[in-house]
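Read through the structure below, which is laid out as structure tokens, and then see the notes.
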Amino acid sequence: MVFVPIEPLTFPLENSWMSSDSANRDLAPLIALMETEALQRGEFTLASGKKANYYLDCRRVTLHPKGACLIGRAMLDVVLDNAKESGVMPAAVGGMAIGADPIAASIVTLAGGDDVDLKGFMVRKEPKGHGMGQQVEGPVTPGQKVVIVEDVITSGGSALKAVEAVEAFGLEVLYVLAIIDRLAGGAEAFAKKGLELKTLTTIRDFGLEP
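Put into structure tokens, the structure is as follows:
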């Protein structure tokens, strides 16, 4: 059996990663994969309760081998770029189960390959009913700085619950990082809590409008 080395995925680093600037990124492979694997058209009810004529099933991309690599690398670059600019490196990334779990796993796996000390954590929807009864799981301790990751941001409700849980645990949230922003008020909801929303893409990258 012959093993062929795979070239590492690279993304431009000259600008800060902001949703409004996503068109300037080399995110075409990720957008194309999301269009074929995640984007569905029809009538849907979102987790926020709102109705929509399209749905983004991002788990079909976060659990896809190529998608996991693309998302993990892009988000790790966001974290490292922001750490370089701010001088603050988060100790861990994570978010609300189950949507954030494969995202965090992809980021920390690539971080490990790059010898970057970045751990992961997960937030249960409710505290565990046995054992230590924790809602936040993983190698994190109170006082550490973390980044909340999410797949799709609509109203921001799920990620805000994760923020509340990790803050109650004693962690400090630096910002929220998501794959895509539906431009439906999520960024404004985070801003009210003093948090910035960073996203790789918005629905406009798919020819959609709020």
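Everything in the sequence shown is counted per the UniProt record's numbering, starting at 1 for the first residue and increasing by one. Beta carbons: idealized from backbone N, C-alpha and C, even for Gly.
{"Query": "Cα-Cα separation, Gly-42 to Ile-31", "Result": "20 Å"}
{"Query": "For Val-145, three-class secondary structure by DSSP", "Result": "Here residue 145 is Lys; the residue named in the question, Val, does not match the sequence. Strand."}
{"Query": "From Val-166, Glu-37, Gln-40 and Val-93, residue whose alpha carbon lies closest to that of Glu-110", "Result": "Note that residue 110 is Leu in the sequence shown, not Glu. Minimum Cα distance to Leu-110 is reached at Val-93."}
{"Query": "Contact check, Leu-33 vs Leu-56, beta carbons under 9 Å", "Result": "no"}
{"Query": "DSSP three-state assignment for Leu-70, whether helix, strand or coil", "Result": "helix"}
{"Query": "Sub-9 Å separation of Gln-134 and Pro-142 beta-carbons", "Result": "no"}
{"Query": "Terminal residues of the alpha helix (DSSP H) in which Ser-206 lies", "Result": "This sequence places Phe at residue 206; Ser is not what is there. Premise fails: Phe-206 is in no alpha helix (DSSP H) and is neither H nor E."}
{"Query": "Outcome for Thr-201 when other beta-carbon atoms lying within 10 angstroms are tallied against a minimum of 16", "Result": "buried"}
{"Query": "Which residues DSSP lists as bridging Ala-178, in chain order", "Result": "Glu-150 and Thr-199"}
{"Query": "For Lys-119, the three-state DSSP class (helix, strand or coil)", "Result": "strand"}
{"Query": "Cβ-based neighbour list, Ser-106, same chain, cut-off 6 Å, excluding 5 preceding and 5 following", "Result": "Ala-68, Ile-71 and Gly-72"}
{"Query": "Burial state of Glu-150, where buried means 16 or more other Cβ atoms lie within 10 Å", "Result": "buried"}
{"Query": "Simplified DSSP state of Gly-113, which is helix, strand or coil", "Result": "helix"}
{"Query": "Inter-stretch contact (C-beta, 8 Å, three-pair minimum) for the segment 83-101 and the segment 115-122", "Result": "yes"}
{"Query": "Straight-line Cα distance separating Val-166 from Ala-178", "Result": "17 Å"}
{"Query": "Own chain residues within Cβ distance below 7 Å of Glu-35, not counting five before or after", "Result": "Phe-206"}
{"Query": "Integer Cβ distance of Ala-83 from Lys-125, believed to fall under 8 Å", "Result": "Not really, about 29 Å apart at Cβ, beyond 8 Å."}
{"Query": "DSSP-derived helix/strand/coil call for Ala-91", "Result": "coil"}
{"Query": "Distance CB(Tyr-175)-CB(Leu-160) smaller than 9 Å", "Result": "no"}
{"Query": "Simplified DSSP assignment, three categories, for Lys-51", "Result": "strand"}
{"Query": "Residue from Leu-80, Pro-102 and Phe-44 with nearest C-alpha to His-64", "Result": "Pro-102"}
{"Query": "Beta-carbon spacing of Thr-45, Ala-52 below 9 Å", "Result": "yes"}
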